[in-house]
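S.K.: Please read through the structure below; I'll follow up with questions.
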Amino acid sequence: MTYALEAAQLGKQYGSRWALRGLTLAIPSGRVVALVGPNGAGKSTFLNLAIGLQAPTAGTVRAVGLSPRGDAGRMLPRVGYLAQEPPLFRRFSVGELIKMGAHLNPRWDNALAVARMEQLGISLDLPVSALSGGMRAQVALVLALAKRPELLLLDEPIASLDPLARHEFLQLLMDAASDGLTVVLSSHIIGDLRATCDYLILLTRGESLLEGEMDEIVTGHRRLVGPADRVNAIGGVEDVVQVHCADRQANAVVRTRGPFLDPRWEAFPVDLEQIVLAYMSRGSTQVRAAAKPIRMAQ
Amino acid sequence: MIWLTWRQQRFEFLLACGVLLGASLMLLWTGEQILVSFKLLGIAPCLRGIGDATACSNAISEFTSNVASQQPQLSWLVYLPMLIGALLAAPIALEIEQGTYRLAWTQSVTRSRWALVRLGVPILVGLGIGSLVAALSSWSMEPVNRVQGALRPGSFDVQGVVPVAYLLLTFAVTVTVAVLFRRVLPALALGVGLVVVLHLAVMTWLRPKFIGPISSIWLNGPAPFGPRDWVIQGGTGSTSYVFVDPAGNHINLAQAQALCGQVTDAASKNSWSSCLQARHLGELIQYQPADRFWAFQAIETALIAGIGVALLAIAVWWLRKRMT
């Protein structure tokens, strides 16, 4: 199987601090991946390493099967990238940005770029300096899409957008992602991602805590409510992610396959945000050495 | 990439061309003035040794003072290549400070190709503009060179290929500082500042020693150097005379004055001269002959352009391997 994006023992050190450490993952082609985690978890670093803006301190990363630093000439035409605050040339008009894309990319789809701008109601004569934050993000996304990439890396694209712009941005992304494009979208906002993404990677402190199909992750976790004195002996679950005790009642987020049958515990579904928060709080309190990535996908 | 480079700094390219145009008009006008003066005063026959000696001496000194009156317009030419070099490097420094190079780096061009075009096009434009300015100012100085030689500081610096080397060096320093520190203002300040200081140091300390000067002891009679040679020790207008006695010992001006008195008027000047002759004290003269002009141009160009190319190599290496 070929992966759109692979990392093996990938690490990046700034001075004495590891922004990313021992990251091993493989993202299958055609997925829309949510790369989530708190600020400073290493999401931007990982995406920068994947597009070759930075070089790894340890390990390897391969995008569309190619090394971003060693094989940039062959990799770059096939991978699109959208930075957190897209560095657009201020002295250019939108039309000139499109012209730049046409000059610098062999697979450039000019018709797509022009049509999308029209769809968004952004005039090609508009100077970049006159664009609002939302429009800038849209324009930058169109530039990345018109490159016709196989893999699209988006670094916190929706963080600075208002809810309407966020919706429009994700809509534009979804339209494009329907034709086999692999998308990796980093975000610290989890709410909007459940509907958009079908694969999840949770990064905390430079390490992957959870990785797998979105649906399997959501259906594979339960919130259990039961007696606090039985909390160390919850039967039939694969993993207890987080336990919270109040009086004699315990509240646990667990990973489990199939139906949960222990009658002393009441099971509720959990949403993505609760699962992510449970893993993140475990990552920060439990034994660090045990925090290995848990693969849900086969 | 070429279109992008042009689009990103077309304002600076056009501004540099405007500067070129202005400098060209001024140089054509000044050169014409000098040429007219050269012809009207009949300097050419004098230089060939034809004509009355006194009349020629007067004509040459008038020509020299005419040229001196043009000097203020020519002296800033020394710094013009440095300004153009910094002007062409400024948009690159700005792009690095603002981080917009990342947009280009995440399109389909490799860093090597980006660096080649993004730096190469302004360098070619700069070399073109610098060569034109240097050629025009060489042309305008040509009659002066025939009288005074071209090796003198201020004259040497605006002619031949040396100005182009300083343009390249300023561009290289500005780009390298910008690449390493990602700030426009320090890059521009250091680019121009360092090169101006380096130029002064080379002119004052290094250039006189590029090739060993010719030494001679001037006892009496005609000067051992010609009017076109560059005298670096002694001679008219010198501030540090050195005298040599028959045994070869060097005597400085204060010691010579202790022996032969001060020069205050015409009478004391005569007695000073005869005192020096009586004691066989000759003045130490060192000079660079005028025909070393192109050898000096080659040495200084190699030195300055060499530093520039080395800095550019560092900048490109950093861009390719270390820049994020």
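Heads up: the sequence lines are chains A and B, in that order.
FYI, the numbering for the first sequence is 3 to 300, going by our numbering.
FYI, the numbering for the second sequence is 40 to 363, going by our numbering.
Quick reminder that beta carbons are idealized off the backbone N, C-alpha and C, glycines included.
(1) Sorted by chain position, which residues of the same chain lie with C-beta nearer than 7 Å to M119(A)'s C-beta, five sequence neighbours on each side aside?
(2) Near L227(B), which residues of its chain fall below 7 Å by C-beta distance, leaving aside the five closest residues on each side in sequence?
(3) With 16 as the cutoff for other CB atoms within 10 Å, does A299(A) come out buried or exposed?
(4) G222(A) to Y83(A), Cα distance in whole Å?
(5) What does I100(A) touch in chain B if you count any residue whose Cβ is under 8 Å from its own?
(6) Does M242(B) have its Cβ less than 8 Å from a Cβ in chain A?
(7) Using DSSP bridges, identify the partner residues of K14(A).
(8) In angstroms, rounded to a whole number, what distance separates the CA positions of G169(B) and V203(B)?
(9) For the structure I just gave you, are there three or more beta carbon pairs, one from the region 186–198 of chain A and one from the region 44–56 of chain A, closer than 8 Å?
(10) Taking any Cβ of chain B, which residues in the region 93–127 of chain A have a Cβ under 8 Å from it, in chain order?
(11) Contact criterion: CB-CB distance below 8 Å. Does M121(B) meet it with respect to chain A?
(12) Quick check on DSSP: helix, strand or coil for T103(B)?
(13) So, does the region 192–208 of chain B touch the region 335–354 of chain B, judging by three or more C-beta pairs under 8 Å?
(14) Taking the alpha-carbon positions, what's the T62(A) to S69(A) distance?
(15) The region 115–149 of chain B: which residues have C-beta closer than 9 Å to a C-beta of chain A, in chain order?
(16) In the DSSP assignment, what are the bridge partners of Q244(A)?
(17) Answer yes or no: does any C-beta atom of chain B fall closer than 8 Å to that of N253(A)?
(18) Whose CA, out of T215(B), L171(B), V156(B), lies closest to the CA of L64(B)?
(19) For G75(A), go through chain B and note every residue whose CB falls closer than 7 Å to its CB, in chain order.
(20) Taking L156(A) as the reference, give the member of G24(A), I53(A), P165(A), A10(A) with the closest Cα.
(21) Inspect the beta-carbon positions of T363(B) and L90(A) and report whether they are closer than 8 Å.
(22) In whole angstroms, give me the CA-to-CA distance for L67(B) and L74(B).
(23) Expressed to the nearest angstrom, what Euclidean distance is found between the alpha-carbon atoms of M102(A) and L43(B)?
(24) Answer with yes or no whether the minimum CB distance from L43(B) to chain A is below 8 Å.
(25) Taking 8 Å as the CB-CB cut-off, is R222(B) touching chain D?
(26) Please go through the same chain and pick out, in chain order, the residues whose beta-carbon is closer than 6 Å to the beta-carbon of K294(A), but skip the five residues on each side of it.
(27) Tell me whether the beta-carbon of F102(B) lies closer than 8 Å to the beta-carbon of I82(B).
(28) Measuring straight from C-alpha to C-alpha, what distance separates S279(B) and A286(B)?
(29) Determine, for I160(A), whether the minimum Cβ-Cβ distance to residues of chain B falls below 8 Å.
(30) Step through the CB atoms of chain B and report whether any lies within less than 8 Å of the CB of P89(A).
(31) Taking CB distances under 8 Å as the criterion, tell me whether Q110(B) reaches chain A.
(32) Could you tell me whether the Cβ atoms of L358(B) and A154(B) are closer together than 8 Å?
(33) Measuring CB atoms only, is the region 292–299 of chain B touching the region 220–235 of chain B, in the sense that at least three cross pairs come out at less than 8 Å?
(34) Nearest CA to the CA of I277(A): which residue from L202(A), V81(A), G228(A), V233(A)?
(35) Quick one: is V106(B) buried, meaning 16 or more other Cβ sit within 10 Å of its Cβ, or exposed?
(36) Report the residue from R318(B), F264(B), V270(B) whose alpha carbon sits nearest the alpha carbon of V283(B).
M.R.: The short version:
(1) On the first sequence, residue 119(A) is found 117 positions in, with the first residue counted as 1. So the qualifying residues of the chain are V96, L126, V144.
(2) As a working mapping, residue 227(B) is identified with position 188 in the second sequence. Taken in chain order, the residues that qualify are A125, A129, A132, T213.
(3) What you label residue 299(A) is simply residue 297 of the first sequence in a count that begins at 1. With a pLDDT of only 45 at A299(A), under 50, the local geometry of the prediction cannot be trusted, and the value read off the model is given with reservation. A299(A) should be labelled exposed.
(4) Reading the first sequence from its first residue, position 220 is the one you call residue 222(A). Reading the first sequence from its first residue, position 81 is the one you call residue 83(A). Here the C-alpha atom of G222(A) lies approximately 32 Å from the C-alpha atom of Y83(A).
(5) Along the first sequence, read from residue 1 onward, the residue named residue 100(A) stands at position 98. At a C-beta separation below 8 Å, I100(A) has no neighbours in chain B, since its nearest C-beta there lies roughly 12 Å away.
(6) Here residue 242(B) is taken as the residue at index 203 of the second sequence, counted from 1. Answer no: the Cβ-Cβ gap between M242(B) and chain A never drops below 8 Å.
(7) Here the question's residue 14(A) lines up with position 12 in the first sequence. DSSP lists L22(A) as partners of K14(A).
(8) Translated into positions along the second sequence, residue 169(B) becomes position 130. Translated into positions along the second sequence, residue 203(B) becomes position 164. Going by the C-alpha atoms only, they are around 5 Å apart.
(9) Under the 8 Å Cβ criterion, the region 186–198 of chain A counts as touching the region 44–56 of chain A, having at least three qualifying pairs.
(10) R93, F94, E98, K101, M102, G103, H105, L106, N107, P108, R109
(11) Taking the second sequence and counting its residues from 1, the one referred to as residue 121(B) is at position 82. Chain A places no beta carbon closer than 8 Å to that of M121(B), leaving this residue out of the contacts.
(12) The residue given as residue 103(B) occupies position 64 in the second sequence. T103(B) falls in the helix class under three-state DSSP.
(13) yes
(14) In the first sequence, residue 62(A) corresponds to position 60, counting from 1. In the first sequence, residue 69(A) corresponds to position 67, counting from 1. Whole-angstrom Cα-Cα distance: 8 Å.
(15) E134, Q137, G138, T139, Y140, R141, L142, A143, W144, T145, Q146, S147, V148, T149
(16) Here residue 244(A) refers to the residue found at position 242 of the first sequence. Answer by DSSP bridge pairing, in chain order: V255(A).
(17) The residue labelled residue 253(A) in the question sits at position 251 within the first sequence. No, its Cβ sits nowhere closer than 8 Å to a Cβ of chain B.
(18) Residue numbering aside, residue 64(B) sits at position 25 when the second sequence is read from its first letter. Here the closest residue by C-alpha is L171(B).
(19) By one-based count along the first sequence, residue 75(A) stands at place 73. Here the neighbours are T149.
(20) By 1-based counting over the first sequence, the position of residue 156(A) is 154. Checking every option, the nearest Cα to that of L156(A) belongs to I53(A).
(21) Taking the second sequence and counting its residues from 1, the one referred to as residue 363(B) is at position 324. Taking the first sequence and counting its residues from 1, the one referred to as residue 90(A) is at position 88. Not in contact: T363(B) and L90(A) (Cβ atoms no closer than 8 Å).
(22) Taking the second sequence and counting its residues from 1, one reaches residue 67(B) at position 28. Taking the second sequence and counting its residues from 1, one reaches residue 74(B) at position 35. When rounded, the distance between both Cα atoms is 10 Å.
(23) Within the first sequence, the letter at position 100 stands for residue 102(A). Within the second sequence, the letter at position 4 stands for residue 43(B). Approximately 6 Å between the Cα atoms of the pair.
(24) Looking up residue 43(B) in the second sequence gives position 4. Interface residue, yes.
(25) The structure shown has no chain D; the protein chains it does contain are A and B.
(26) For the purposes of this step, residue 294(A) is taken as the residue at position 292 of the first sequence. A caution first: K294(A) carries a pLDDT of 46, below 50, which makes its placement in the model unreliable, though a value can still be read off. Excluding sequence neighbours, K294(A) sits near nothing in its chain.
(27) Locating residue 102(B) in the second sequence gives position 63, counting from the first residue. Locating residue 82(B) in the second sequence gives position 43, counting from the first residue. Against a cut-off of 8 Å, the Cβ pair of I82(B) and F102(B) comes out as a contact.
(28) Here residue 279(B) corresponds to residue number 240 of the second sequence, with the count starting at 1. Here residue 286(B) corresponds to residue number 247 of the second sequence, with the count starting at 1. Their Cα atoms are separated by approximately 21 Å.
(29) Numbered from 1 along the first sequence, position 158 holds the residue referred to as residue 160(A). Answer no: the Cβ-Cβ gap between I160(A) and chain B never drops below 8 Å.
(30) By 1-based counting over the first sequence, the position of residue 89(A) is 87. Yes, because at least one Cβ of chain B sits closer than 8 Å to the Cβ of P89(A).
(31) In the second sequence, counting from the first residue as 1, residue 110(B) sits at position 71. With 8 Å as the cut-off, Q110(B) does not count as an interface residue toward chain A.
(32) Numbered from 1 along the second sequence, position 319 holds the residue referred to as residue 358(B). Numbered from 1 along the second sequence, position 115 holds the residue referred to as residue 154(B). Yes, Cβ-Cβ distance for L358(B) and A154(B) is below 8 Å.
(33) no
(34) Here the question's residue 277(A) lines up with position 275 in the first sequence. Per the Cα distances, L202(A).
(35) Translated into the one-based positions of the second sequence, residue 106(B) becomes position 67. It counts as buried.
(36) To locate residue 283(B), count along the second sequence from 1; it is residue 244. For the residues R318(B), F264(B), V270(B), the minimum Cα distance to V283(B) belongs to R318(B).
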